[in-house]
Amino acid sequence: MITPASIPRRGIDEQSKARTAQMSKSFRFEPTSTSGLQSALRAVVAPLLAGSMLAGAFVALPAIAGDRSVDKASEALQENDVDRAVHHAEKAVGEAPRDANRRALLGQAYLRAGRLTSARSALGDAVLLGESSPRVALMLALAEIGSGSSRAAVAILAQQGNSIPAADRGLAFALAGETARGVEVISADIRAGNDTPKSRQNLAYAYALDGRWREARLMASQDVSLDVLDRRMTEWAMNARPEYAAARVAALVGATVQADRGMPTELALANFPAAKPVAKPVPVMVAAAPAPAPAPAPAPAMAAALQPVAAKPVLAKAPAPVVVARAEPAKSEVKIAAIPASKAAEPRATMQQAFAQPTAKQSVVAKPVATKVAMAPASKAPAKQSAAALPAPGAGGSHVAQLGSYSSEAAARAGWKVFQSRYTNLKGQQPVITLAKVDGKDYWRVAAGGFDAKTASQMCQAVKASGQGCLPIAKAATKAGNGAVRVAKAD
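Numbering of the sequence shown is given in full-length UniProt numbering, commencing with residue 1 and proceeding in unit increments.
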């Protein structure tokens, strides 16, 4: 019997690694029999799920504000009817596209259905929208592994730290290719007293993925019979090849890898940009209407010019909102070009000038003229933004590109990992995370630094073209106590 104290801390047996390849050859496993491999894997890997966070993650996500579509998707997952779960989860996202919980539920359904690429997209969107629970992070890491993005998965697992139980986190590290790291995480947890069958079997599987077959067999033998042990070692050797990463992940969640072309395009988050904040109404000082002048006496035949009315307009705040009747449309069709966003502030000045004009001049109305103004094609601007090269961040820089705002620092850092996976110029860069108080609540703003005013605007144009919000901001010369740059003002 192996005790926790007898578990080696580190050291890779190179001879046992060499035996991995030899064992795989001796079984003469043919890559074409993928369905047989996945069926065998599900039978062998299923015991690793017992009592783990992985098992709990695939029952129902908490805190989802229910409606019929959400409830039906959750019920279908509990009944293991993955096709029905995907159908209702997609419908739920269509009803509220920017709801993080619904996106997470959809990603969960995709993962259970073996659609790893779609799961990666949906779960990544959920993180961008503020979902930061360890369960969703673990599912996203598994989807990244199954989609071939092991480095992104390792970053997610490292960022979550101890919030994911060691037995699950260590096995996920091993599946992502960090086999020695996974062995160390689970071994340390067992030495600390968490010596459970699940931990031992996860450690045995991590040993196998690390090529340490002697340790894998000894560890697994503590909880299974000899005939089961032999079969388990055989199957583990058959699926140890790197090209079977997707099959290993699917087996871990009880699924079979499916051909996946991605989420439906109509559900893409880029189609539902964040609503812009509406500015609070500003009181407008308008000119009070002059007192009506008495009717003039009949003018003589050779009368001089009428004298102007002596009353002067007095500025005063409008006492109540004025309801203005809607103007009747002109009979001739008038096509008006779209007003650029930068002129949104002009209507207030125009309104003031209109109220300040003498009433005599207002009575003169020009006849409507049928004018056709060419509309600028709306589809060209986004295409130009997406085609533009992403600016490369440099050292220092006077500006940052603010990418999002989150309710916790953990959520901000998780969001940064997703941004790095979507924008290649952010890989290897450190985020600029700033704490801000808004209406008494704390928000963590995450931004990409190293830009000047021009390149920060270019970065934001690329982000906005993909449907996300972004704001180029000038940073202050001083730094916050935690080393993050404190934002000074927006351009």
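Cβ coordinates follow ideal geometry from the N, Cα and C atoms, glycine included. Here the structure is a predicted model, which is why all the values come from computation and not from measurement.
TODO: Determine the direct distance from the alpha carbon of Asp-81 to that of Arg-191, and round the result to whole angstroms.
DONE: 39 Å
TODO: Using alpha carbons as the reference points, say which of Asp-260, Arg-413, Arg-422 lies closest to Val-86.
DONE: Asp-260
TODO: Take Cys-460 and list the residues in its own chain whose beta-carbon comes closer than 6 Å to its own, dropping the five residues that flank it on each side.
DONE: Ala-401, Cys-470, Pro-472
Task: Contacting residues, own chain, Cβ-Cβ under 8 Å from Arg-115 (five flanking each side not counted) - done: Val-86, Gln-258, Asp-260
Task: For Ala-152 and Ser-121, the rounded distance between their alpha carbons - done: 13 Å
Task: Option nearest Gly-396 by Cα separation, candidates Phe-173, Ala-137, Thr-455 - done: Thr-455
Open item on the list: Checking the sheet assignment: what are the DSSP bridge partners for Gln-402?
Closed with: Ala-447, Leu-471
TODO: Let me know if Lys-475 comes out buried or exposed under the rule of 16 or more other beta-carbons within 10 Å of its beta-carbon.
DONE: buried
TODO: Would you kindly work out how many angstroms separate the C-alpha atoms of Leu-426 and Trp-416, rounded to a whole number?
DONE: 9 Å
TODO: Grab me the residues of Gln-420's own chain with a C-beta within less than 7 Å of its C-beta, minus the 5 sequence neighbours each way, in chain order.
DONE: Leu-426, Lys-427
Open item on the list: Given this structure, state the Cα-to-Cα distance separating Glu-266 from Gly-130, to the nearest angstrom.
Closed with: 21 Å
Open item on the list: Rounded to whole angstroms, what is the Cα-Cα separation between Ala-410 and Arg-445?
Closed with: 11 Å
Task: Close-in-space but distant-in-sequence residues of the same chain around Ser-408 (CB under 7 Å, 5 per side omitted) - done: Ser-132, Trp-444
Open item on the list: Quick check on this structure: which residue in Lys-464, Gly-254, Ala-255 has the alpha carbon closest to the alpha carbon of Arg-422?
Closed with: Lys-464
Open item on the list: With a threshold of 7 Å on Cβ separation, who are the neighbours of Lys-331 within its own chain once the five nearest residues in sequence on each side are excluded?
Closed with: Caution is warranted here: a pLDDT of 45 is assigned to Lys-331, below 50, making its placement in the model unreliable, and no coordinate value can be reported.
- [ ] Taking only the alpha-carbon atoms, compute the straight-line gap between Pro-391 and Val-432 and give it to the nearest angstrom.
- [x] 17 Å
Open item on the list: According to DSSP, is Leu-142 part of a helix, a strand, or is it coil?
Closed with: helix
TODO: Tell me whether Pro-431 sits in a helix, a strand or coil according to DSSP, three-state version.
DONE: strand
TODO: Quick one: grab the DSSP three-state call for Asp-67.
DONE: coil
- [ ] Determine the DSSP secondary structure at Val-438, reduced to helix, strand or coil.
- [x] strand
Open item on the list: Threshold first: 4 residues or longer. Then list the alpha helix (DSSP H) segments lying entirely within the segment 158-233, N to C.
Closed with: 166-175, 179-191, 197-209, 213-220
Open item on the list: By the DSSP assignment, the alpha helix (DSSP H) with Arg-112 in it spans what residues?
Closed with: 100-112
- [ ] Taking all protein chains shown into account, decide if Val-93 is buried (16 or more other Cβ within 10 angstroms of its Cβ) or exposed.
- [x] buried
Task: Reference Gly-161; option with closest CA among Val-228, Gln-78, Leu-138 - done: Leu-138
TODO: Closer than 6 Å by C-beta to Ser-150: which residues in its own chain qualify, once you throw out the five before and the five after it? Chain order, please.
DONE: Ala-176, Gly-177
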